[in-house]
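If you read the sequence shown in UniProt numbering, its first letter stands for residue 1, the second for the next number, and so on.
Positions of the beta carbon are idealized from the N, C-alpha and C atoms, including for glycine.
Values in this document were obtained by computation on a predicted structure and should not be read as measured data.
Comments concern the structure below.
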Amino acid sequence: MQAQHFSDKSHQRIALMGMSGVGKTTLSNLLPKTEWFHYSIDYRIGTRYLHEEISDLLKIEAMKSPALAKLLRSDSAFIAPNITLDNLNAISMFISMVGALDKGGLPLDEFLARLDAHRSAEINAMMDTKAFIDRATHIYGYPHFICDFSGSVCELDAPDVIDAVAKDCLLIYIKATDNMMSTLIDRAQKYPKPLYYQADFLHTAIKEYCTEQSLNGWQEIDPNHFAVWVFPHLVKHRLVRYDAIAAQHGITLSAEETLNIHSAEAFLDLIDRTLRTQG
1 MQAQHFSDKS
11 HQRIALMGMS
21 GVGKTTLSNL
31 LPKTEWFHYS
41 IDYRIGTRYL
51 HEEISDLLKI
61 EAMKSPALAK
71 LLRSDSAFIA
81 PNITLDNLNA
91 ISMFISMVGA
101 LDKGGLPLDE
111 FLARLDAHRS
121 AEINAMMDTK
131 AFIDRATHIY
141 GYPHFICDFS
151 GSVCELDAPD
161 VIDAVAKDCL
171 LIYIKATDNM
181 MSTLIDRAQK
191 YPKPLYYQAD
201 FLHTAIKEYC
211 TEQSLNGWQE
221 IDPNHFAVWV
231 FPHLVKHRLV
241 RYDAIAAQHG
251 ITLSAEETLN
261 IHSAEAFLDL
271 IDRTLRTQG
């Protein structure tokens with residue numbers, strides 16, 4: 001654990017990790033933007049490492065319209081994803097879902113290729129952290145730095161990448177409470193969305209799902225129904241990995257505590273107190 005990255009009050013550097021929906025971005029937004037440089041891994045993925053792939057998918061869809069196709073071929077129209085810190089829908093569109101083509105799913109091979117592309121993009125974005133720390137300090141003059149990890153960071157199986165970021169930032173795991181996990185699972189089941197899966201986990205999940213649903217293979221999977229079914233399994237799979245990363249590299253904050261945090265001072269004080277007990 002690199003506690004000195006927080007204990008040096010003149011130049012604090014932290015990285016937040018946890019399941020999507022536990023409040024990482026909310027906590028980040030509490031920190032004054034005049035003093036803290038906010039580096040989002042997801043934003044970097046979408047605007048740098050998958051930008052061209054996402055743009056191409058949008059163009060493929062646009063080419064299905066004769067009018068838009070004519071404009072694109074003559075360079076009379078420009079189509080690109082609008083990715084912001086608060087709107088990452090274009091990345092979800094790129095990942096998509098596996099399943100029956102007539103239900104909007106992707107073939108398994110193509111889905112796995114997109115997952116692999118996302119993994120490479122996430123690793124590259126993670127490895128850019130040190131460069132952005134330097135840019136934040138030397139170009140923009142920010143004294144402090146916060147990195148918001150992607151929810152899939154625990155799936156990378158790239159310990160050297162975690163090690164590299166942990167050398168420059170204090171890693172802070174925001175751990176969801178049981179009640180919050182129930183809420184996240186309920187939300188995911190009501191509004192299923194594309195998610196990143198490890199290949200081995202995905203193959204096992206597809207096999208179990210097809211057996212349970214009496215299907216012959218991925219070609220018969222309803223993409224949305226599979227996303228609903230698999231999410232609780234994915235949560236269980238990820239929580240163990242988050243715990244392991246936090247135990248080796250950082251500290252753990254309970255989301256029950258962070259939900260009651262409404263100011264930068266309270267957030268930083270909580271980190272300080274936790275470091276004294278877990279550091």
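Mapping DSSP to helix, strand and coil, what is residue i?
| i | result |
| --- | --- |
| Y49 | helix |
| N87 | strand |
| W98 | The sequence shown places Val at residue 98, not Trp. The answer is strand: DSSP assigns V98 an E or B state. |
| T252 | strand |
| H118 | helix |
| S7 | helix |
| Y173 | strand |
Since residue i and residue j should fall inside the 8 Å C-beta cutoff, what is the C-beta to C-beta distance between them, to a whole number of angstroms?
| i | j | result |
| --- | --- | --- |
| D148 | L16 | 6 Å |
| S96 | L106 | 5 Å |
| R13 | L171 | Wrong, their Cβ atoms sit about 10 Å apart, outside the cutoff. |
Given residue i, which residues of its chain have a CB within under 7 Å of its CB, disregarding the five upstream and five downstream residues?
| i | result |
| --- | --- |
| V161 | I123, M126, M127 |
| H233 | A205 |
| S263 | L30 |
| E256 | T177 |
| C154 | R238, R241, Y242, I245 |
Taking the alpha carbon of residue i as the reference point, which residue from the options has its own alpha carbon closest?
| i | options | result |
| --- | --- | --- |
| K190 | F231, N216, N82 | F231 |
| S74 | A80, N82, M63 | M63 |
| A199 | F111, H51, I133 | F111 |
| G99 | G21, Y209, I245 | Y209 |
| A176 | I14, D8, N224, L253 | L253 |
Could you tell me whether the Cβ atoms of residue i and residue j are closer together than 9 Å?
| i | j | result |
| --- | --- | --- |
| G23 | L88 | no |
| L259 | I146 | no |
| A227 | L195 | yes |
| S65 | H118 | no |
| D163 | K130 | no |
| L58 | A121 | no |
| I251 | L275 | yes |
| F6 | I271 | yes |
With a CB to CB cut of under 6 Å and the five nearest residues on each side skipped, what residues in its chain are close to residue i?
| i | result |
| --- | --- |
| I83 | G46, T47, A90 |
| I54 | P81, A90, F94 |
| H144 | Q12, E35, W36 |
Go through its chain and collect everything with a Cβ distance to residue i's Cβ below 8 Å, but skip five positions before and after it.
| i | result |
| --- | --- |
| Q4 | none |
Cβ of residue i within 8 Å of any heavy atom in the ligand MN?
| i | result |
| --- | --- |
| D109 | In terms of ligand content, the structure shown is empty, and the ligand MN therefore cannot be addressed. |
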